[in-house]
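K.L.:
Would you mind keeping the following structure in view while I ask a few things?
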Amino acid sequence: MSFAWAKQYQPQSAFTKWLDEKLPFPRLVYNAVGAGYPVPRNLNYMWNFGVLAGFCLMLQIVTGVVLAMHYAANQAVAFGTVEHIMRNVNYGWMLRYAHANGASFFFIVIYLHIFRGFFYSSYKAPREMIWLLGVVIFLLMMATAFMGYVLPWGQMSFWGAQVITGLFTAIPLVGEPLQVWLLGGFAPDNAALNRFFSLHFLLPFVIAGVVILHIWALHIPGSSNPTGVEVKQESDTVPFHPYYTAKDGFGLGVFMILFTAMVFFLPNALGHPDNYIEANPLSTPALIVPEWYFYPFYAILRAFTGDLTIPFTGIVLIPAKLLGVIAMFGSILVWFILPWLDKSPVRSGHYRPLFRKFFWFGLIPTMAALFYLGGAHAEEPYIMLSQIFTAYYFMHFLVILPIISQIEVPKPLPFSITEAVLGKDKAAEAPRAGTVDGTDAGTATDGSLQPAE
Amino acid sequence: MAINTADTSALSTDEGVRRRDWIHIAALSTAGVGGASLLFPLISQMAPSEDVLAASSTDVDVGAIQPGQSIKTTFRKQPLFVKRLTPEEIAAAKKDDAADMRDPATLASRTKEGHEDILITMGVCTHLGCVPLGAAEGENKGEFGGYFCPCHGSHYDVAGRIRKGPAPLNLKVPEYSFSSDTVVRVG
Amino acid sequence: MSIRLGGIIAGLAITLVLVLWSLAPGVYNFAFGPAPEKQPSYAFYEHGEGPANGFSFDGAFGKWDYAQLQRGYQVYKEVCSACHSLKFVAFRNLQDLGYTEAEVDAEAASWTVPGIDPATGETTTRPGEPTDYFPMPFSNAIAAAAANNNAIPPDLSLITKARHDGSNYVYSLLTGYGEADPAKAAKVGFETPDGLYFNKHFPNVNIAMAPPLAVDGQVTFADGTASTIPQMATDVAAFLTWTAEPSLVERKQTGWFVIGFLLFATVLAFLSYKQIWAGLKPKKG
C-alpha cells in the first residue's frame, strides 16, 4: 500500500525494464526505502534509530560470521580461540571489539527506538502490529545477546549461563529438569556451549526475518510522526529518498563516530573484567551481573526478596524466586498489551500534558534508576530502591497509562502535519495535490508549533 | 516560492551535474570509500594468521637413515620426504640429468654439496597436492623408481623430478641446512 | 476495556505483593534490624592509583616505551615466571618489544619448554623456539595449588584486562605490601591469617602471594636503570599491559585515522542533508 500520490517506479533502461517484468526487486526497494515511499515531512532525529538498528543488525551479522571463522565452541579451547582472534588473526582485535561493542550499541539504539515509541505512542492503532513485532525482535535480541556473551567462556560467560538458565528452576515441578535439559548437563559445559553457539548463529537471521515483517507492517499505515496527526495530503509527506536517506546518512555518520570511539579507545569499558578470566566452575566472581543492557530487568528480578505467604500461617503461595522471574518476564510482556492499555486518541506526548509529566518524571527516571540498580551490589539501600522503582514500572504501564488516557484533556492538535511545520497561513497556501480522508481531524489549531527537530 | 510540496525535481539528474550537486557527489563518494575500506579487515582476516605465518622450522636426524631408505616427517603441517640415495640411484639420477624433462634440474641442484645422497623434498605432488607413494618400504615407486602419485598417475624419478604424468613441476625442495653432519634444519 | 481493567488489577496486585511482602520487611529490617556486618578488612582496603607519573601508553595518544617493556619482561622472567604462567604469549611476540629476530631466538632458547624425545617418544624438555609459548611453571592446577599454600597463581597473560583498572592495579598490588595499622586492627578485630600477607590494594587485603618485589635492586636491568621497587613494579605492569593487549597502541592510532575520516564524511553528509532539505524548510519569521 501507499498513499495515492506515491511516485511509481519507472524503469529507465532496457535491462531494468526486463528485470522489472521478471523480478521487480528494484521496484520493491523503490517502494520500500526509495522515492516511492512517502514519509511524514516532520520526523525528528528520534526517527533515525530504526535505520540505525537495521545497520547494527547487519554489522553484527557481518562481524559475527567472520569471527565464527576463527572461533571454536569447545569448552577446552573456546577462551583460547578468542585470544587467538585478539592476537593472531589479521584485524581480529578490531572485528571482535566491533562485535562486542556492536551488541551494546545495538541495544542503545533499540532502547532509544523503543522509548521514542513510548513517547509518541507509536504503538497505537493502526500500528499495533509494528509494535508487537518490535517487541518480538527485542526478545529475540535479548536471547541472542545472552547466548553470545556465553561464547568467550570467561567467568561471566559461565556464571551468566548458570544463573540465567537457573531462572527456569523457579518454575514449579518442571523447573529443574528444564534447566538440565537447557544446559544438556548439570552445569554449563560443552553441550551448553555448542548449542548456544548454534543458536547464537541462527537467531540473528530469524531477527532479520522478523525485521522484514516489522518493515512490511510499517509500510501499511506509513510512519508515525511527532505530531501524531495522520498524513492527510501530499504536502504532509516527502519521499523517503532522498530526504530521509540523506538524513539517515548523516545520522549513521554520527553513530559511527560514537561507535568507533568506543571500539578504538574504550573497547572494554562496557564489558566486565571478570570475563577475561577463563571459566572456572569452582569459583564464582564476587559480583555476578549481566551485560549492562539487561540491568533494568535484572533489577526487577532481584527486587522480589520475600515469598508471597498467607500471613500468620507460614503457607507459601509463590516463592520469591518465582515472583522475580514472573516479574522480569512480565516487565517485557506487558509491552505486548500496551496498545490496548493506553486508549488516548492523541498519540504524541507533545499534546498530552499529563502523560508527558509521567513520562519525563516517572518512566524515564525509573528506567535510569533500574539501569543503575541492576548493576549494583545486592545490598541495602539498593534493594529497597529497586523495589520502589520496580513497583513504579508496573504501575506506570498497567495502572497510570489506562487511567490518564481516560481523564487527560489533551492540548489542541494541529490540523495537519503541513500546518504543524509551516504554520496555518502558509499551510493554507500549500497546494493539496493529494489527500486522504482524515479520521482524526484536529479539534483546533496551534499555529505556534514549530517542527520538532 | 512554493516551498510546501515535496518537490524533488531539483534533485533529478536529467539536467546533468550542476554546481550545487558537488556536495552530494562528495558525500556519496566519501561514503563509498568508507564502505570499501570496511572490506579490508573483512578480507584480510581470512589470510594466514600470525601464528601460522611465524617462521617454524623442523629438525630432522638423518643419521639413522640407511641408503635406499626414506622417512616421512612434517614441515609446516605438510609431509616431508627425507631419502638417502644408494650409490646406484645417485649414478642413475646423474645419468638422467641431461634427459628430456618437463622441469629440468640436476641432482646437484636438488641436494647440498657434500651431502648429495640426502634428498629432501616436500611430499606433496605438484599436480593437485596428494601425497606420492614411494617413501615407505614396499610402496609403488613408479616407472622411474622414485615416487608415484596414485591420484592422477604422476611418476617422479629418484631425485623427485617429474618424468611422466600430469604434474607440472618437480617435488619441491624446501629451504634447509645441515646444522651438523647428521642433523638437518628445515625452514 | 477489559484489557485495561485487567491491567489495572494486575498492576495493583504486583505492586501490592512487592510492597507488602518484599519492600515492607526490607524497610523494617533496615530500620530496626541488626546493621549488616561488614568484613573488617573493608576498613583497610585502598584503591590503587598506579604509578605517580602514569604510563606511557595512557591516554588516547599513548605509546609503548619499548625500553620499559623490555625491563618489564626481565622482571617477569626473573621474578614472576617462577609461579605465574603467560600462556597466551609466544616467544615470537617478543619481537614487538623491540628485540631483533636473533635476540628473540636467543631469548626463546634461554627458556626450557616441554618436548618429546624424537627417538623414544617420551616427554622431555628442550630449549624454546620462537613459535613456542611461554611454559607453565606447574604441570597442573593441583601442583600449583600444592606449592602455593592452596592459592593457584593466576595466568598473567590477561591480568591487566581481568582486573578493574588493571595496569594501575598491578603496580599498586606490587607496591601495596606492609602492615595493617595495629590500633585500627585491634579495634575492628582484624588480623592477617598465617601464611597470608597484608596488602592494602588487594580486594580483601590478605593475599597469598609473598611480596615478590622485596628489595631495591632485586633485578639488575640490562639498560642500567636503577631497579627500585616502584620502578620494577611500573615496568612489569607495563609489560603485562602489553601481554594483555598487544594491539593497544596500533588500536588507538587506527582509531584516530578512522574517526578523522568519519568526521570528514559526516560533515559532508550533513551538508548534503541540509541542502536536500533546504527547499522544504519554512522561512523563519
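Chains as they are written, first to last, in the working numbering: chain A, 34 to 486; chain L, 156 to 342; chain E, 55 to 339.
For each residue, glycine too, the CB sits at the ideal point set by N, CA and C.
Quantities reported herein were computed from a predicted structural model and do not represent experimental measurements.
(1) Helix, strand or coil for H255 (chain E) per DSSP?
(2) Is it right to say A191 (chain L) is buried, meaning 16 or more other beta carbons lie within 10 angstroms of its own, or is it exposed?
(3) Just tell me which of E:H138, E:D219 and E:T282 has its CA closest to the CA of A302 (chain A).
(4) Pick from A:P259, A:G208 and A:F191: whose alpha carbon is nearest that of R74 (chain A)?
(5) Just mark L403 (chain A) as buried or exposed, buried being the case when its beta carbon has 16 or more other beta carbons within 10 Å.
(6) Exposed or buried, which one is M277 (chain L) when buried takes at least 16 other CB atoms within 10 Å?
(7) Among the candidates L:S184, L:K319, L:R175 and L:V217, whose CA atom is the shortest distance from the CA of L240 (chain L)?
(8) Can you tell me where the alpha helix (DSSP H) with I156 (chain A) in it begins and where it stops?
(9) Closer than 8 angstroms by C-beta to A306 (chain L): which residues in its own chain qualify, once you throw out the five before and the five after it? Chain order, please.
(10) Cβ closer than 7 angstroms: which chain A residues qualify as neighbours of P196 (chain L)?
(11) Unbroken alpha helix (DSSP H) runs of length 4 or more, entirely within the segment 349 to 398 of chain A: which are they?
(12) Quick one: which residues of the segment 411 to 427 of chain A get their C-beta closer than 8 angstroms to a C-beta of chain E? List them in chain order.
(13) Which of the three DSSP states, helix, strand or coil, is assigned to N260 (chain E)?
(14) Applying the criterion that 16 or more other CB atoms from any shown protein chain within 10 Å of the CB defines a buried residue, is D258 (chain L) buried or exposed?
(15) With a CB to CB cut of under 7 angstroms and the five nearest residues on each side skipped, what residues in its chain are close to F333 (chain L)?
(16) In its own chain, which residues sit with a C-beta less than 8 angstroms from the C-beta of T50 (chain A), not counting the 5 before and 5 after it?
(17) Measuring from the CB of A131 (chain A), is there a heavy atom of the ligand HEM at a distance below 8 angstroms?
(18) Tell whether a beta-carbon distance below 9 angstroms holds between A162 (chain E) and E132 (chain E).
(19) For the alpha helix (DSSP H) holding K280 (chain A), just list the boundary residues, first then last.
(20) Counting only C-beta atoms, is S192 (chain L) closer than 9 angstroms to chain A at any point?
(21) Taking the beta carbon of M91 (chain A) as the centre, do at least 16 other beta carbons fall within 10 Å, making it buried, or is it exposed?
(22) Applying the 10 Å Cβ sphere with the 16-neighbour rule, what's the burial state of F324 (chain E)?
(23) Name the DSSP bridge partner or partners of D216 (chain L)?
(24) Tell me the DSSP secondary structure of C304 (chain L) in three-state form.
(25) Along the chain, where does the alpha helix (DSSP H) that runs through G242 (chain A) open and close?
(26) Let me check one thing: in DSSP terms, what residues is R180 (chain E) bridge-paired to?
(27) In the structure shown, what three-state DSSP assignment does P73 (chain A) receive?
(28) So what does DSSP say about M175 (chain A), is it helix, strand or coil?
(29) Let me know if N204 (chain E) comes out buried or exposed under the rule of 16 or more other beta-carbons within 10 Å of its beta-carbon.
(30) Could you compute how far the alpha carbon of A165 (chain L) sits from the alpha carbon of L197 (chain L)?
(31) For A202 (chain L), return the contacting residues in chain A, with the cut-off set at a CB-CB distance below 8 angstroms.
(32) By the 10 Å Cβ neighbour count, where 16 or more other Cβ atoms means buried, how is P306 (chain A) classified, buried or exposed?
(33) Identify the continuous beta strand (DSSP E) that holds R318 (chain L) and give its terminal residues.
(34) For the pair the segment 255 to 269 of chain A and the segment 65 to 81 of chain A, tell me if three or more CB-CB distances fall below 8 angstroms.
(35) Starting from the beta carbon of W296 (chain E), find every residue of chain A whose beta carbon is closer than 8 angstroms, and list them in chain order.
(36) For A250 (chain A) and W368 (chain A), I'd like the C-alpha separation in whole angstroms.
P.N.:
The structure says:
(1) coil
(2) exposed
(3) E:D219
(4) A:P259
(5) buried
(6) buried
(7) L:V217
(8) The question names Ile, but residue 156 (chain A) is Tyr in the sequence shown. Y156 (chain A) -> no alpha helix (DSSP H), and no H or E assigned at all.
(9) Contrary to the premise, residue 306 (chain L) reads as Cys rather than Ala in this sequence. C280, H282, L283 and C285, listed in sequence order.
(10) Y124, M127 and L128
(11) 353 to 366, 371 to 374 and 386 to 391
(12) E412, E413, P414, I416, M417, Q420, I421, T423, A424 and F427
(13) strand
(14) exposed
(15) K267, H270 and V339
(16) Strictly speaking, residue 50 (chain A) in this sequence is Lys, with Thr absent from that position. Contacts found: P44.
(17) Of ligands this structure carries none, so the ligand HEM is not represented either.
(18) no
(19) T278 to F298
(20) no
(21) exposed
(22) buried
(23) L:V338
(24) strand
(25) N223 to H252
(26) E:V167
(27) strand
(28) helix
(29) exposed
(30) Because the pLDDT of A165 (chain L) is 44, which lies under 50, any placement of that residue in the model is unreliable, and the question is left without a value.
(31) N123
(32) buried
(33) I317 to K319
(34) yes
(35) Simply none; closest approach about 11 angstroms.
(36) 18 angstroms
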